[in-house]
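Structure record follows, encoded as structure tokens.
What follows is the structure, given as structure tokens:
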């Protein structure tokens, strides 16, 4: 997963510099739309991948908000 380094930076190293919340809000919106599409076409792989990615993004957003 591409988001693991950011999760590590926020939760383990307790640093949030360089992490843009508006960008992560936009990414979470896009992933949510892909999740809805995956549900509509009944694609298990797409559903699981987007749930995992949304979980990563939300953990980054929550971590940054706790640090700020």
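Residue numbers (my numbering): 767 to 834. Even for Gly, the Cβ is constructed at its ideal location relative to N, Cα and C.
Alpha-carbon to alpha-carbon, residue 830 and residue 810 | Counting from 1 along the chain shown, the entry for residue 810 is found at position 44. Counting from 1 along the chain shown, the entry for residue 830 is found at position 64. Going from the Cα of residue 810 to the Cα of residue 830 covers about 30 Å.
Might you give, ordered along the chain, the residues of its own chain that have their beta carbon closer than 6 Å to the beta carbon of residue 801, omitting 5 neighbours on each side?
-> Taking the first residue of the chain shown as position 1, residue 801 is located at position 35. The residues 816, in chain order, have a CB closer than 6 Å to that of residue 801 in the same chain once the five nearest residues on each side in sequence are set aside.
Taking the C-alpha atoms as reference points, what is the distance between residue 813 and residue 806?
-> Here residue 813 refers to the residue found at position 47 of the chain shown. Here residue 806 refers to the residue found at position 40 of the chain shown. Residue 813 and residue 806: Cα-Cα distance of roughly 10 Å.
Just the Cα atoms here: how many angstroms apart are residue 833 and residue 798?
-> If you number the chain shown from 1, residue 833 lands on position 67. If you number the chain shown from 1, residue 798 lands on position 32. One C-alpha to the other measures close to 25 Å.
Cα-Cα separation, residue 825 to residue 803 = Position 59 of the chain shown, counted from the start, is the residue given in the question as residue 825. Position 37 of the chain shown, counted from the start, is the residue given in the question as residue 803. Spanning the two alpha carbons is a distance of roughly 23 Å.
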